[in-house]
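What follows is a set of notes on a single structure, which appears directly below.
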Amino acid sequence: MSTVEKHSPFEFPPLPWRSIAMFMLLALAMSEGRAASVGGGSPPMAGKASMSSPGKQLKQDYRVTAIPLQIVLDAVTTAEKSTLAAPRKNQPLKVGFAREVPQPYQEDLFPSLSWELLPDGGRVAAFSVTSPGARAIRVAIDVEGLPEETEMRFFGRKNSEIFGPFTARAIRAQQAGGNSSNTESAQDLFWSPVIEGETAGVEIYLPASVEGGFPIRAPKIQHLTYSLQYPNEENLFDIGSSAYCNIDVKCRDTVPDNLSAAVAKIIFTDPDGTWECTGTLLNDNDTSSWIPYFMTANHCLSTQSTANTIDSYWFFERAVCGGPNPTSVTHFTGGADLLATGASTDFTFLRLRDTQISSLPGIHFAGWTTTNPTGLTVVGIHHPQGDLKKWSQGTADGYTSWEVNGTDENHIQVTWLQGITEEGSSGSGIFAITGEQDGQQLFAGNLHGGTIPSCSRINLALYGRFDLTYPSVSQWLDSSGSGAYLESPQQDSFESGIGLIRGWTCQANKVEIQIDGGARQQVAYGTTRPDTAATCGDDDNGFGYTFNWNTLGSGGHNLRAFADDVEFANVNFTVTTLGVEYLEGVSGEATLPDFPQAGDNVTVRWAEPHQNFVIVGTSRRLNIQPAAAVPLAQFPANLESPQQGSFESGIGLIRGWICQASTVEIQIDGGASQRVAYGTTRPDTVAACGDSDNGFGYTFNWNRLGNGTHNLRAFADGVEFANVNFTVTTLGVEYLEGASGQYLLPNFPRSGNDVTVRWAEPHQNFVIVSFTGS
Numbered sequence: 000m001s002t003v004e005k006h007s008p009f010e011f012p013p014l015p016w017r018s019i020a021m022f023m024l025l026a027l028a029m030s031e032g033r034a035a036s037v038g039g040g041s042p043p044m045a046g047k048a049s050m051s052s053p054g055k056q057l058k059q060d061y062r063v064t065a066i067p068l069q070i071v072l073d074a075v076t077t078a079e080k081s082t083l084a085a086p087r088k089n090q091p092l093k094v095g096f097a098r099e100v101p102q103p104y105q106e107d108l109f110p111s112l113s114w115e116l117l118p119d120g121g122r123v124a125a126f127s128v129t130s131p132g133a134r135a136i137r138v139a140i141d142v143e144g145l146p147e148e149t150e151m152r153f154f155g156r157k158n159s160e161i162f163g164p165f166t167a168r169a170i171r172a173q174q175a176g177g178n179s180s181n182t183e184s185a186q187d188l189f190w191s192p193v194i195e196g197e198t199a200g201v202e203i204y205l206p207a208s209v210e211g212g213f214p215i216r217a218p219k220i221q222h223l224t225y226s227l228q229y230p231n232e233e234n235l236f237d238i239g240s241s242a243y244c245n246i247d248v249k250c251r252d253t254v255p256d257n258l259s260a261a262v263a264k265i266i267f268t269d270p271d272g273t274w275e276c277t278g279t280l281l282n283d284n285d286t287s288s289w290i291p292y293f294m295t296a297n298h299c300l301s302t303q304s305t306a307n308t309i310d311s312y313w314f315f316e317r318a319v320c321g322g323p324n325p326t327s328v329t330h331f332t333g334g335a336d337l338l339a340t341g342a343s344t345d346f347t348f349l350r351l352r353d354t355q356i357s358s359l360p361g362i363h364f365a366g367w368t369t370t371n372p373t374g375l376t377v378v379g380i381h382h383p384q385g386d387l388k389k390w391s392q393g394t395a396d397g398y399t400s401w402e403v404n405g406t407d408e409n410h411i412q413v414t415w416l417q418g419i420t421e422e423g424s425s426g427s428g429i430f431a432i433t434g435e436q437d438g439q440q441l442f443a444g445n446l447h448g449g450t451i452p453s454c455s456r457i458n459l460a461l462y463g464r465f466d467l468t469y470p471s472v473s474q475w476l477d478s479s480g481s482g483a484y485l486e487s488p489q490q491d492s493f494e495s496g497i498g499l500i501r502g503w504t505c506q507a508n509k510v511e512i513q514i515d516g517g518a519r520q521q522v523a524y525g526t527t528r529p530d531t532a533a534t535c536g537d538d539d540n541g542f543g544y545t546f547n548w549n550t551l552g553s554g555g556h557n558l559r560a561f562a563d564d565v566e567f568a569n570v571n572f573t574v575t576t577l578g579v580e581y582l583e584g585v586s587g588e589a590t591l592p593d594f595p596q597a598g599d600n601v602t603v604r605w606a607e608p609h610q611n612f613v614i615v616g617t618s619r620r621l622n623i624q625p626a627a628a629v630p631l632a633q634f635p636a637n638l639e640s641p642q643q644g645s646f647e648s649g650i651g652l653i654r655g656w657i658c659q660a661s662t663v664e665i666q667i668d669g670g671a672s673q674r675v676a677y678g679t680t681r682p683d684t685v686a687a688c689g690d691s692d693n694g695f696g697y698t699f700n701w702n703r704l705g706n707g708t709h710n711l712r713a714f715a716d717g718v719e720f721a722n723v724n725f726t727v728t729t730l731g732v733e734y735l736e737g738a739s740g741q742y743l744l745p746n747f748p749r750s751g752n753d754v755t756v757r758w759a760e761p762h763q764n765f766v767i768v769s770f771t772g773s
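For the sequence shown, numbering that gives the first Met the number 0 gives the first residue as 0, with consecutive numbering after it.
This is the structure:
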C-alpha cells in the first residue's frame with residue numbers, strides 16, 4: 000500500500016498493514032521492568048460543585064442596572080471565518096479565533112467606565128463586549144498595571160453565568176511560570192472563562208484600599224463558533240456534528256458509567272485561537288487523595304501559558320441512550336498546572352486547579368496500566384468534533400511509530416470495529432481489560448491521531464503508549480518506588496547563572512541529561528535524599544549536575560533526562576545571560592520592596608561565584624558577618640561554594656573539585672559527615688589534574704540551617720581540604736510557597752544596563768529573567 004505525507008492528526012492514510020504474527024512478537028518482547036497499574040475510583044460525595052454557588056455573585060445586578068459602556072465589534076469577516084478552515088498538521092479542533100476590539104477601546108478604559116461607590120467603601124464598574132454571531136466569547140484583560148487587590152468577575156446574559164472573583168494577584172501568580180515567548184498573548188493577557196452567547200460582561204471591583212486610577216485594557220476577544228454548555232439551544236451545532244457512525248456512550252452497556260465520568264471536554268486558548276480536545280482524569284495510588292490529575296495530548300497544548308486558559312466541561316453526554324440532550328453539563332474554570340509534557344508519545348499531564356472537580360457527584364478517576372494491550376479489545380471515550388460523549392471499540396494491533404516508515408514504536412495502533420475517532424477526540428484515552436485491578440478497564444494510552452475519518456471503511460487510530468509516558472508522570476501517580484523527578488529546570492522555568500540540574504530517581508544504574516539535542520552527559524547519582532524514602536524505600540536517590548546556564552546563551556532551550564536510557568523528563572526553559580559566560584569584577588546590591596509580603600523587604604547582592612544574586616538581608620533580622628576561615632595546608636582541590644565570607648540563600652549547591660579521592664564528604668556546623676556525589680565531568684580541571692572527572696556536588700536547602708553564621712568543612716578520604724564560614728539568610732521558613740515578585744534592578748552590571756529578577760519557588764531564590772543593554 001502506498002503512503003503519502005501526513006497532515007493533521009486525522010488526515011493521514013492507513014498505515015501499511017503489519018502481520019498479526021509480528022504484533023504477537025511485539026507483545027512478547029515487552030520491557031523487562033515490571034508492569035505498574037492503579038485501579039480507578041470515585042471520591043466520597045461532597046455536595047454538588049456549582050459555578051453558580053452563593054460565592055459567585057456580582058457586586059451589582061445588571062438585570063436592573065444598565066451597563067453604560069457597551070463595546071460592539073463589527074460583523075465577522077470572511078477572512079476571519081477562513082481561519083477555521085482545513086486544519087494544519089498536528090493541531091487540535093479549532094473552535095474560535097481572536098478579534099481585536101475597535102478603536103478607541105483598544106486603549107485605557109478606565110476614564111470611560113462609570114464607577115459606583117459601594118457601602119464597603121469600594122468602587123465597582125462594568126462593561127460588556129459583543130461579537131455579533133458568536134456562540135460563545137472569551138475576553139482578554141491586560142493585567143499589567145492592575146493593583147493586586149483588583150477583583151474581576153465575568154458574566155453572561157441575564158446574569159445566568161457568573162465567574163470569579165479573579166484577583167490580579169492570583170492571576171499573576173498563575174502566569175509566573177508561563178511561556179513568555181509571546182509577551183502579550185502568553186504573559187500579560189488573562190483570558191476570561193468561556194461565556195455563552197455573543198456578549199460577555201466584565202465587572203471590576205476595587206476595594207477601599209485602592210486609590211486613584213490605573214490602566215484597564217481589554218484589547219482582544221475570542222469569537223467561538225461553538226456553544227459549549229447549553230445543548231438544547233438552537234445555536235448549538237456541535238451536537239450531532241460528528242460522523243453518523245459514532246456511537247453515543249450511553250448506547251453500549253459495556254461502558255461503565257464511572258469510566259465515562261472520568262472523561263471531559265477541554266477548551267483552551269493560545270495566540271492562534273481557541274481549541275477543543277478531550278482528556279481523562281487519572282487516579283493515583285494514594286487512597287486518601289483525589290487530586291485532579293488530567294491527561295491529554297501534547298499536540299493539543301504543551302505550555303503553561305496555554306494550560307492557564309483551560310476550561311473543562313463534565314458530563315457533556317445524554318443520561319440514557321436516545322434520551323434528550325443534557326441539561327446538567329458542569330463547567331469548571333481556573334486553568335491547570337502543567338506537570339509534564341512530551342512529543343514522543345504525544346502526552347500532556349496536568350493538574351486541574353479547581354479542586355471542586357473532585358467533589359462533583361458521579362465524578363470518577365480512571366485507573367491505568369503499563370501492561371502491553373496488544374491483542375486485547377480496547378475502547379475509547381471521547382468528544383469527536385466537540386459532540387456529546389462517544390464510544391469506540393476495536394482491537395489493539397500492536398506497537399508502531401507515529402511517522403510513516405518510522406522505527407520508534409512509541410504508539411499503539413488500534414483498528415476500530417465499532418465507532419471512530421475524529422478531531423476533538425485528540426487527547427482522549429484508550430482503555431483495556433488486562434486482568435489487573437479486578438478486571439477494570441484501565442487507561443493505556445492517549446489519542447494522537449488516526450486515518451481520515453470515514454464511516455464506509457476501516458479506521459485506524461494511534462495512541463501514545465502510556466508505558467513510555469509513565470516514567471515522566473510516575474512521581475504523581477505512583478508512590479510505590481518506581482518514580483523519577485526532575486526538580487530543576489522545570490517546564491517553562493527561567494534559569495540564570497551557575498545552577499544545578501537536579502532531581503531524584505528511585506532506581507537506576509545511571510542518570511543522563513541531554514541539552515538542546517546534544518550529546519548525553521552522565522550526572523552524579525546516589526546522593527542522600529531523605530525526602531524520597533517514603534516513595535523509594537531508601538534515600539540514596541538524588542542526582543545533580545553543576546551547570547553554567549550562561550554557556551547556552553539567552554533564549555529558549557530544551558533538556559531531557561534519562562534513567563538507564565528511559566526518558567523521564569523533557570522540559571523547555573529560558574536562559575537569560577548578562578552577555579558573557581562568566582561576569583567578572585562587578586558588584587551590586589538592591590532592596591526589593593514588599594517581598595514576600597506587603598511591608599517586608601529583602602536585600603539581594605551580586606555573588607560572582609554563583610553568577611547570580613543571593614539574599615543577604617531581610618527587614619526581619621540583622622545581617623551577621625561570618626568569622627574568619629581556618630587556615631589549611633595546600634591541597635589539589637577547591638571548594639567553590641560556599642566560599643569564605645559568602646552569603647547563601649534558597650536551594651543551592653555545595654560544589655567544587657578534587658583531583659583524586661575515593662570519597663568526598665562535607666560536615667556542617669559540627670554535625671555528622673555527609674558523603675557527596677563525586678566524579679562529574681569538569682573540563683576546566685584537566686590542566687590541574689590530568690583528567691576531567693573531578694567534580695563534586697551536593698544539593699542543599701540553606702534555609703534548613705536558619706539565619707546566621709554557619710561553618711562547613713570538606714574532606715577527601717578523611718583529609719580536610721576546606722573549612723569556611725558563611726552566612727545564611729532565610730525568609731523565615733524552610734520552603735516559601737505561594738509568593739511571587741518581579742523587580743527591575745537598574746544600572747546593573749553597568750550604568751545604562753537593566754536587569755529584571757523574578758522569584759523562582761523551585762530555587763527558593765530570585766533568577767534573572769531579562770537583561771537590557773550591551
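Glycine included, C-beta positions come from ideal geometry on N, C-alpha and C.
C-alpha distance - residue i paired with residue j, whole-angstrom precision
i    : j    : result
D539 : P529 : 8 Å
D399 : Y462 : Inspection of the sequence shows that residue 399 is occupied by Thr rather than by Asp. Roughly 10 Å separates the two Cα atoms.
D145 : M151 : In the sequence as presented, Asp is not what sits at residue 145; that position holds Leu. Taking the straight line from one Cα to the other gives about 11 Å.
I290 : T329 : 18 Å
G598 : W114 : 29 Å
T370 : T433 : 7 Å
S111 : L68  : 7 Å
N231 : L280 : Residue placement at N231 is poorly supported in this model, since its pLDDT is 43, which falls under 50; the coordinates still yield a value, given next. Distance between the alpha carbons of N231 and L280: 27 Å.
W688 : P42  : In the sequence as displayed, the identity of residue 688 is Cys instead of Trp. Going by the C-alpha atoms only, they are around 60 Å apart.
F442 : C535 : 24 Å
F302 : S471 : Looking at the sequence provided, one finds Thr at residue 302 rather than Phe. Cα to Cα, T302 sits roughly 16 Å from S471.
A35  : N700 : 33 Å
I246 : A65  : 46 Å
Spatially closest choice to residue i from the options, by CA coordinates
i    : options                : result
I686 : R654, P635, T679, L338 : Looking at the sequence shown, residue 686 is not Ile but Ala. Per the Cα distances, P635.
G772 : F765, W758, P761, N752 : N752
L223 : A199, A306, D593       : A199
R134 : Q174, V75, E147        : V75
P325 : Q642, L387, F348, A207 : L387
L743 : V756, S750, R749       : V756
V718 : N724, Q666, I194       : Q666
DSSP beta-bridge partners of residue i
i    : result
G655 : L638, F695
H556 : F572
Y204 : V123, E150
N245 : Paired residue(s): none; N245 is not in a bridge.
W190 : A139
P592 : N600
G449 : A460
L413 : Residue identity differs from the one stated: residue 413 is Val in this sequence, not Leu. According to DSSP, V413 bridges with A395, A460.
D668 : BP columns for D668 are empty, so no partner.
L281 : Y292, A365
Supposed contact pair residue j and residue i - C-beta distance, whole angstroms, cut 8 Å
i    : j    : result
I136 : V123 : Going by Cβ atoms, the distance from I136 to V123 rounds to 22 Å, so no, they are not a contact pair.
A721 : L591 : About 32 Å separates the two Cβ atoms, so there is no contact after all.
V262 : S427 : 7 Å
G334 : R350 : About 10 Å separates the two Cβ atoms, so there is no contact after all.
G696 : T679 : 7 Å
A306 : L258 : No, A306 and L258 are not in contact; Cβ-Cβ is about 25 Å, not under 8 Å.
**Item:** At least 3 beta-carbon pairs within less than 8 Å: the stretch 334 to 352 vs the stretch 208 to 215
**Value:** no
**Message:** Whether or not the stretch 263 to 276 and the stretch 291 to 302 are in contact is what I'm after, with contact meaning three or more pairs of Cβ atoms, one per stretch, closer than 8 Å; do they touch?
**Reply:** yes
**Request:** Decide yes or no for the touch test of the stretch 255 to 275 against the stretch 309 to 319: beta carbon pairs closer than 8 Å, at least 3 of them.
**Result:** yes
**Request:** Mind the definition here: the stretch 483 to 491 touches the stretch 635 to 648 only if three or more C-beta pairs lie below 8 Å; say whether that holds.
**Result:** no
**Asked** Touching or not, the stretch 374 to 381 and the stretch 432 to 451, by the rule of three or more beta carbon pairs under 8 Å?
**Response** yes
**Prompt:** Per the contact definition of three or more C-beta pairs closer than 8 Å, is the stretch 412 to 421 in contact with the stretch 387 to 395?
**Reply:** yes
**Item:** At least 3 beta-carbon pairs within less than 8 Å: the stretch 512 to 519 vs the stretch 595 to 613
**Value:** no
**Message:** Within 8 Å, do at least three Cβ pairs link the stretch 567 to 580 to the stretch 704 to 712?
**Reply:** no
**Message:** Assess contact between the stretch 603 to 612 and the stretch 580 to 587, defined as three or more Cβ pairs (one per stretch) separated by less than 8 Å. Is contact present?
**Reply:** yes
**Prompt:** Any chance the stretch 552 to 571 sits against the stretch 726 to 738, with 3 or more Cβ pairs inside 8 Å?
**Reply:** no
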